[in-house]
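Written below as structure tokens is the structure these notes are about.
There are 2 protein chains.
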Amino acid sequence: MTRAEIPTPALLLDLDRFERNVQKMAAHVKAAGKKLRPHAKTHKCPEIARRQVAAGAVGVCVAKVGEAEVMAAAGVRNLLITTEVVGAEKIGRLLRVLERQAETMVVVDHADNVRELGQAMARAGRVLNVLVDVEVGGRRTGIEPGEAALFLGRQVMNEPALNLRGLQGYAGHCAHVTGWESRRRASLKWMRKLMRTRALFDKHGLPVEIVSGGSSGTFDIDVELPGLTELQSGSYCVMDLDYRRIGSRAGKVYDSFEMALSVLATVVSRPGAELAIVDAGFKAFSTDKPFVPEAVEWPGLTYSWAGDEHGRLTIVDQDRAPRLGDLLEFFPPHCDPTINLYDRLYAMRGDRVEAVWEISARGRSQ
Amino acid sequence: MTRAEIPTPALLLDLDRFERNVQKMAAHVKAAGKKLRPHAKTHKCPEIARRQVAAGAVGVCVAKVGEAEVMAAAGVRNLLITTEVVGAEKIGRLLRVLERQAETMVVVDHADNVRELGQAMARAGRVLNVLVDVEVGGRRTGIEPGEAALFLGRQVMNEPALNLRGLQGYAGHCAHVTGWESRRRASLKWMRKLMRTRALFDKHGLPVEIVSGGSSGTFDIDVELPGLTELQSGSYCVMDLDYRRIGSRAGKVYDSFEMALSVLATVVSRPGAELAIVDAGFKAFSTDKPFVPEAVEWPGLTYSWAGDEHGRLTIVDQDRAPRLGDLLEFFPPHCDPTINLYDRLYAMRGDRVEAVWEISARGRSQ
Numbered sequence: 000m001t002r003a004e005i006p007t008p009a010l011l012l013d014l015d016r017f018e019r020n021v022q023k024m025a026a027h028v029k030a031a032g033k034k035l036r037p038h039a040k041t042h043k044c045p046e047i048a049r050r051q052v053a054a055g056a057v058g059v060c061v062a063k064v065g066e067a068e069v070m071a072a073a074g075v076r077n078l079l080i081t082t083e084v085v086g087a088e089k090i091g092r093l094l095r096v097l098e099r100q101a102e103t104m105v106v107v108d109h110a111d112n113v114r115e116l117g118q119a120m121a122r123a124g125r126v127l128n129v130l131v132d133v134e135v136g137g138r139r140t141g142i143e144p145g146e147a148a149l150f151l152g153r154q155v156m157n158e159p160a161l162n163l164r165g166l167q168g169y170a171g172h173c174a175h176v177t178g179w180e181s182r183r184r185a186s187l188k189w190m191r192k193l194m195r196t197r198a199l200f201d202k203h204g205l206p207v208e209i210v211s212g213g214s215s216g217t218f219d220i221d222v223e224l225p226g227l228t229e230l231q232s233g234s235y236c237v238m239d240l241d242y243r244r245i246g247s248r249a250g251k252v253y254d255s256f257e258m259a260l261s262v263l264a265t266v267v268s269r270p271g272a273e274l275a276i277v278d279a280g281f282k283a284f285s286t287d288k289p290f291v292p293e294a295v296e297w298p299g300l301t302y303s304w305a306g307d308e309h310g311r312l313t314i315v316d317q318d319r320a321p322r323l324g325d326l327l328e329f330f331p332p333h334c335d336p337t338i339n340l341y342d343r344l345y346a347m348r349g350d351r352v353e354a355v356w357e358i359s360a361r362g363r364s365q
Numbered sequence: 000m001t002r003a004e005i006p007t008p009a010l011l012l013d014l015d016r017f018e019r020n021v022q023k024m025a026a027h028v029k030a031a032g033k034k035l036r037p038h039a040k041t042h043k044c045p046e047i048a049r050r051q052v053a054a055g056a057v058g059v060c061v062a063k064v065g066e067a068e069v070m071a072a073a074g075v076r077n078l079l080i081t082t083e084v085v086g087a088e089k090i091g092r093l094l095r096v097l098e099r100q101a102e103t104m105v106v107v108d109h110a111d112n113v114r115e116l117g118q119a120m121a122r123a124g125r126v127l128n129v130l131v132d133v134e135v136g137g138r139r140t141g142i143e144p145g146e147a148a149l150f151l152g153r154q155v156m157n158e159p160a161l162n163l164r165g166l167q168g169y170a171g172h173c174a175h176v177t178g179w180e181s182r183r184r185a186s187l188k189w190m191r192k193l194m195r196t197r198a199l200f201d202k203h204g205l206p207v208e209i210v211s212g213g214s215s216g217t218f219d220i221d222v223e224l225p226g227l228t229e230l231q232s233g234s235y236c237v238m239d240l241d242y243r244r245i246g247s248r249a250g251k252v253y254d255s256f257e258m259a260l261s262v263l264a265t266v267v268s269r270p271g272a273e274l275a276i277v278d279a280g281f282k283a284f285s286t287d288k289p290f291v292p293e294a295v296e297w298p299g300l301t302y303s304w305a306g307d308e309h310g311r312l313t314i315v316d317q318d319r320a321p322r323l324g325d326l327l328e329f330f331p332p333h334c335d336p337t338i339n340l341y342d343r344l345y346a347m348r349g350d351r352v353e354a355v356w357e358i359s360a361r362g363r364s365q
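So the protein lines, in turn, are chains A and B.
Going left to right, the first sequence walks through residues 0 to 365 as numbering that gives the first Met the number 0 numbers them.
Going left to right, the second sequence walks through residues 0 to 365 as numbering that gives the first Met the number 0 numbers them.
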């Protein structure tokens, strides 16, 4: 199968770039003496998870039990579910994940949840690995750092069916700070709270063998933290426009990892000399960022949204005007929610489809 | 199964409201002497399409061949594919749809496409029903109204394997004009171009037995056009915040149809007295509108985005603060791209799950 035979809109993965991204992050983390547990919420694809593990990752993070079910069924081990697993329905499904992958870890940030997990695991005759999730400024999940976290850690220790392994702290608000120096200052400031909580745990004899956090934006900043044992970076393997614009240590464009993901679209209408309409709109790209898809290697065009199924190309350079039926690639604004729109990835070697990978955890946000 | 047993985030359909919406539109269109071909790109669900047809719809519209494949396989007849079908890959799949539902119609707006469709149908020994798609101000697909459309209509007539049936004109930019009078003025102004093109076709003996257009925002405006034979409204069956805010003939809130669709989420973290975190973010709601999900019958809360998997609830009224594990419903900003995130709809009768309907055309934007 070639590029011209792919039904559009379609998600393409440039294998050369993807493979270099996976190898580069693996080498970086290894050189820093850390471990890598890349976040599979980005790609939701067991084949990508297997390749990350083959390159040295200890396992993968997942955001939800639904993703853990898919990864566990695909044989991916050492899962960390990075969002709290709350309520009987979700804990029931977690127990079935543990039947496949008993070492799966969860995070906790609330005493009630510690209790319900402890009771459910005891009833099931299981022991569950747990990290205390510490709030490091993202105003999302996580308990206050310091004494409150220590108190919760002790509650975990008091549950016979829970096995405390350490801490998680995800400073998501730092991942996209523009400019590497600003990002470094922000990240180190907030992650210091996690490091101090680690020291407190250590001082009181609570386990800190795993301290997990970090993003693709801070991958070369997090490694400065001696107390962080593993990185959770996700987007690095495919990249997106959102990351590209934040700048790297070396310059204004973040080029530490390569743009490996694109959406292939077809020109379905040419309603005027200055306009071309492609078959890719809100259902083909993420729309959560204040910027639009960007045509790959096709200068003289700007994309704007034209509804659920359509994108409008304004043709600036008539010499490069696309014709009816032409195929164009676009970089998506944000990789995770874009991938979540598709059932499969076309893994490309140049213009040839080398493989089609199922995005088996697409929509599995439960 | 009850509401409490549903894995969240989940898409709920209030059956009482949905059924009233379907009946109301059917009665409205019948009273106006028009036909209804509701747009299935909204719901992508064969069960909903079947119920619309049972209530009197002549068939359904679909945006893409991928949706037509699903609806045709589910036995839904009289499909109209409202986006141009361009290129060998898509025309090949269209031919397979025609094997199941030979009366399926497409739209054209370009001579090259008329030629490729005519040749492909002739080779396959098929006759394809065609509407000329007329641009009525939406700056999306469609040929110029008037002489250009007439010229294209004649090209369709000259292809022995194409059967010209009439016209399509979708003024999508009028659907969400706020205030009923303003919306009426805008819609009638632009749809007049379609009506004039209809008169021109009629004068020159080209068929206009089908003239298709209209939206849920203009359903009670489009019926004023004697030359429009059928309405394509889609969102009316489920509704969303985007439509609710545009106002109706009677007042500031559009209440012609009821809000039947919601997303059920769970509180997974309570990181402070003023904050609750739910398990529904960019992957659970459409994000293409400049406003956020709204809690259903739970005053004292405001939702804000907190990433791919999380929503942040700011608690204004402490007496109504949700607890860890509580289930909350939210109206989505925009129905079509929200439904496109889910594999199934929980059809609710009060708190009881009466049925689970597959959203079989989810992601089938190809």
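Beta carbons: idealized from backbone N, C-alpha and C, even for Gly.
Residue 283 of chain A is positioned such that its CB atom lies closer than 8 Å to that of residue 340 of chain A. For residue 345 of chain B, no Cβ of chain A is located within less than 8 Å of the residue's own Cβ. Burial check for residue 118 of chain B: the Cβ neighbour count within 10 Å stays below 16, so the residue is exposed. Less than 8 Å divides the Cβ of residue 193 of chain B from the Cβ of residue 144 of chain B. Cβ-Cβ separation between residue 116 of chain A and residue 348 of chain A: approximately 45 Å, too far for a contact (criterion under 8 Å). The beta-carbon separation of residue 135 of chain B and residue 168 of chain B, rounded to 4 Å, stays under the 8 Å limit for a contact. According to DSSP, residue pairing for residue 165 of chain B in a beta bridge involves B:130 and B:209. DSSP lists no bridge partner for residue 44 of chain B. Contacts between residue 276 of chain B and chain A, judged by CB atoms closer than 8 Å, involve 139 and 140 in chain order. At a C-beta separation below 7 Å, residue 269 of chain A has these neighbours in chain B: 109. Within chain B, the residues whose beta carbon sits less than 8 Å from that of residue 304 of chain A are 287, listed in sequence order. Listed along chain A, the residues sitting closer than 9 Å to residue 339 of chain B by beta-carbon distance are 281, 282, 307 and 340. Here residue 263 of chain A is not near residue 331 of chain A, since their CB atoms are 8 Å or more apart. Every beta strand (DSSP E) stretch that sits fully inside the segment 290-324 of chain B and reaches 3 residues is listed by chain position as 300-304 and 310-314. The C-beta distance from residue 66 of chain A to residue 363 of chain A rounds to 5 Å, short enough to fall under 8 Å. If only uninterrupted beta strand (DSSP E) runs of at least 3 residues are considered, those enclosed by the segment 329-354 of chain B are 343-348.
Neighbours of residue 364 of chain A across chain B, judged by C-beta separation under 7 Å: 8, 282, 283 and 308. For residue 196 of chain B, the enclosing alpha helix (DSSP H) begins and ends at 179-202.
The beta carbon of residue 235 of chain A lies closer than 7 Å to those of 20, 24, 215, 218 and 256 in the same chain, with the five residues before and after it left out. Its chain contains 34, 36 and 77 as the residues whose beta carbon lies nearer than 6 Å to that of residue 57 of chain B, once the 5 sequence neighbours on both sides are disregarded; these appear in chain order. Residue 108 of chain A has its alpha-carbon roughly 20 Å from the corresponding atom of residue 202 of chain A. Using a Cβ-Cβ cut-off of 8 Å, residue 196 of chain B does not count as an interface residue toward chain A, since no Cβ of chain A sits closer than that to its own. Apart from the 5 residues on each side of it in sequence, residue 179 of chain A sits with its Cβ closer than 7 Å to the Cβ of 246, 247 and 248 in its chain, given in chain order. Rounded to the nearest whole angstrom, the C-alpha separation of residue 324 of chain A and residue 281 of chain A is 20 Å. Residue B:68 holds the alpha-carbon nearest to the alpha-carbon of residue 43 of chain B among B:272, B:68 and B:7. Residues of chain B with a Cβ closer than 8 Å to the Cβ of residue 335 of chain A are, in chain order, 281, 282 and 307. DSSP lists A:229 as the bridge partner or partners of residue 34 of chain A.
A contact between stretches requires three or more CB pairs, one per stretch, nearer than 8 Å, and the segment 349-357 of chain B fails this requirement with the segment 295-315 of chain B. Taking residue 243 of chain A as the centre and dropping the five residues before and after it, the same chain places the C-beta of 252, 253 and 258 closer than 7 Å to its C-beta, in chain order. Residue burial is scored here from C-beta neighbours: residue 22 of chain B has fewer than 16 other C-beta atoms within 10 angstroms and is therefore classed as exposed. About 11 Å separates the Cβ atoms of residue 312 of chain A and residue 267 of chain A, ruling out a contact at the 8 Å cut-off. With respect to residue 307 of chain B, residue 335 of chain A sits close: the two C-beta atoms are nearer than 8 Å. For the pair residue 170 of chain B and residue 139 of chain B, the Cα-to-Cα distance works out to about 9 Å.
Taking 8 Å as the upper bound on Cβ-Cβ separation, chain A lies near residues 171 of the segment 147-173 of chain B.
Taking 8 Å as the CB threshold, residue 323 of chain A lines the interface with chain B. Inclusion of residue 241 of chain A and residue 175 of chain A in the CB contact set at 8 Å is warranted, their separation being smaller than that value.
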